[in-house]
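Shown next, in structure tokens, is the structure this report addresses.
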Amino acid sequence: MPLFRRRADRRTALDEPAKKDIAMRLVSSAENSSLDWEAQYAYLEDIGDGRGYTGGIIGFCSGTSDMLALVELYTQRVPGNALAGCLPALRAVNGTESHRGLDPGFPAAWRQAATTAAFRQAQRDERDRGYFDPAVARAKKDGVGTLGQFVYYDAMVMHGPGTDPLSFGGIRDRAREHAATPAEGGDETTYLNAFLDARVDAMRQEEAHSDVTRVETAQRVFLREGNLDLDPPLNWQVYGDSYEIG
Numbered sequence: 004m005p006l007f008r009r010r011a012d013r014r015t016a017l018d019e020p021a022k023k024d025i026a027m028r029l030v031s032s033a034e035n036s037s038l039d040w041e042a043q044y045a046y047l048e049d050i051g052d053g054r055g056y057t058g059g060i061i062g063f064c065s066g067t068s069d070m071l072a073l074v075e076l077y078t079q080r081v082p083g084n085a086l087a088g089c090l091p092a093l094r095a096v097n098g099t100e101s102h103r104g105l106d107p108g109f110p111a112a113w114r115q116a117a118t119t120a121a122f123r124q125a126q127r128d129e130r131d132r133g134y135f136d137p138a139v140a141r142a143k144k145d146g147v148g149t150l151g152q153f154v155y156y157d158a159m160v161m162h163g164p165g166t167d168p169l170s171f172g173g174i175r176d177r178a179r180e181h182a183a184t185p186a187e188g189g190d191e192t193t194y195l196n197a198f199l200d201a202r203v204d205a206m207r208q209e210e211a212h213s214d215v216t217r218v219e220t221a222q223r224v225f226l227r228e229g230n231l232d233l234d235p236p237l238n239w240q241v242y243g244d245s246y247e248i249g
């Protein structure tokens with residue numbers, strides 16, 4: 004098992020293009036069982052987690068506002084697109100697991116939209132606006148490096164950016180009850196372990212997220228190796244499947 008040493012000159016950040024691509028591949032391994040995140044624009048299914056339809060490159064959900072925000076953004080840019088007619092139904096089912104008004108046409112419309120460059124760009128932009136940029140900004144303020152920035156991002160994707168106990172904000176609050184952030188004078192590894200502990204606790208409170216390999220055999224592995232800059236080679240497992248970035 005390699006041990007990573009922090010470089011004396013500078014630390015990397017997750018918003019650097021190469022590291023951002025690694026982040027997308029890591030998330031895709033958990034969300035889509037594939038490292039090819041750019042093949043996921045057309046993905047759409049109900050995975051039975053109580054959030055309605057899940058689709059796209061980070062699992063936008065019809066029940067949690069982000070799929071609605073994505074389709075609204077796309078429709079602002081491309082009026083009359085294949086998904087525009089689904090907006091009333093998306094607004095009606097937001098906050099629920101219902102497909103009412105979306106079936107049977109919504110899946111086909113989603114996949115048609117995914118053939119267009121505009122919808123693919125909208126997915127990337129909404130991912131960044133809603134999840135990636137806020138997670139990286141918060142992590143930088145907390146003084147954590149590239150791995151910690153990814154830990155924040157992945158938690159925000161799964162749990163949402165809210166402040167309730169099972170959302171990102173609540174997870175971060177519980178972590179800080181046990182360890183100070185580096186910006187507060189704490190040790191980075193100690194703090195990130197506390198954050199992952201708090202996240203695992205949150206995951207186990209939701210049946211759909213009770214498999215915690217996304218943390219324990221992936222992010223915790225990188226942390227245990229001392230790979231705070233998330234430098235390749237990376238080897239991890241999610242849901243029993245093994246992955247590698249060389």
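Per our numbering, residue 4 is the first one in the sequence shown, and the count goes up by one each step. We put the beta carbon where it would ideally sit given N, CA and C, even for glycine.
Residue i burial status per 10 Å Cβ neighbour count (16 or more: buried)
{"i": "R54", "result": "buried"}
{"i": "T149", "result": "buried"}
{"i": "S245", "result": "exposed"}
{"i": "N230", "result": "buried"}
{"i": "Q43", "result": "buried"}
{"i": "R223", "result": "buried"}
{"i": "A140", "result": "exposed"}
{"i": "A11", "result": "Confidence at A11 is low in this model, with a pLDDT of 41, below 50, so the placement of that residue is unreliable and no value is reported for it."}
{"i": "D106", "result": "exposed"}
{"i": "E191", "result": "buried"}
{"i": "D232", "result": "buried"}
Candidates the options: closest to residue i by CA position
{"i": "A121", "options": "T99, A197, Q79, E228", "result": "Q79"}
{"i": "S68", "options": "N35, G133, I25", "result": "G133"}
{"i": "S65", "options": "A140, P82, P110", "result": "P110"}
{"i": "N84", "options": "Y56, Q43, T119, V96", "result": "T119"}
{"i": "S170", "options": "A201, I60, P20, V81", "result": "A201"}
{"i": "K144", "options": "A186, H162, I174, L105", "result": "A186"}
{"i": "E34", "options": "I60, K23, D24, R14", "result": "I60"}
{"i": "L14", "options": "R227, G146, G172, F63", "result": "As written in the sequence, residue 14 is Arg, which differs from the Leu given in the question. When only C-alpha atoms are compared, the closest one is G146."}
{"i": "R177", "options": "H162, G151, A205", "result": "A205"}
Close Cβ partners of residue i (< 8 Å) along its chain, the five nearest in sequence each way excluded
{"i": "G249", "result": "P235, P236"}
{"i": "V203", "result": "V215, V218, E219"}
{"i": "P137", "result": "M159, P164"}
{"i": "L76", "result": "A125, D128, E129"}
{"i": "S32", "result": "L38, A221, W239, V241, D244, Y246"}
{"i": "L90", "result": "L71, V74, E75, T78"}
{"i": "G188", "result": "none"}
{"i": "I50", "result": "T57, A211"}
Residue range of the alpha helix (DSSP H) that includes residue i
{"i": "Q124", "result": "120-130"}
{"i": "S32", "result": "20-35"}
{"i": "L90", "result": "90-96"}
{"i": "W239", "result": "No alpha helix (DSSP H) holds W239; the beta strand (DSSP E) holding it covers 237-241."}
{"i": "W113", "result": "109-116"}
{"i": "G172", "result": "171-181"}
{"i": "Y134", "result": "Where Y134 is concerned, there is no enclosing alpha helix (DSSP H), given that its DSSP letter is neither H nor E."}
{"i": "E75", "result": "69-80"}
As assigned by DSSP and simplified to three states, the class of residue i
{"i": "Y246", "result": "strand"}
{"i": "N196", "result": "helix"}
{"i": "G58", "result": "strand"}
{"i": "D49", "result": "strand"}
{"i": "V154", "result": "helix"}
{"i": "V224", "result": "helix"}
{"i": "N230", "result": "coil"}
Neighbourhood of residue i by C-beta, 6 Å cutoff - its chain only, sequence neighbours within 5 removed
{"i": "L86", "result": "V74, A112, A116"}
{"i": "N238", "result": "E247"}
{"i": "H181", "result": "A197"}
{"i": "R123", "result": "Y44"}
Same chain, Cβ closer than 7 Å to residue i, neighbours up to 5 away in sequence not counted
{"i": "G58", "result": "Y46, L47, M70, W113"}
{"i": "A26", "result": "L17, F153, Y156"}
{"i": "R28", "result": "L38, W40, I248"}
{"i": "F135", "result": "Y156"}
{"i": "A183", "result": "G189, Y194"}
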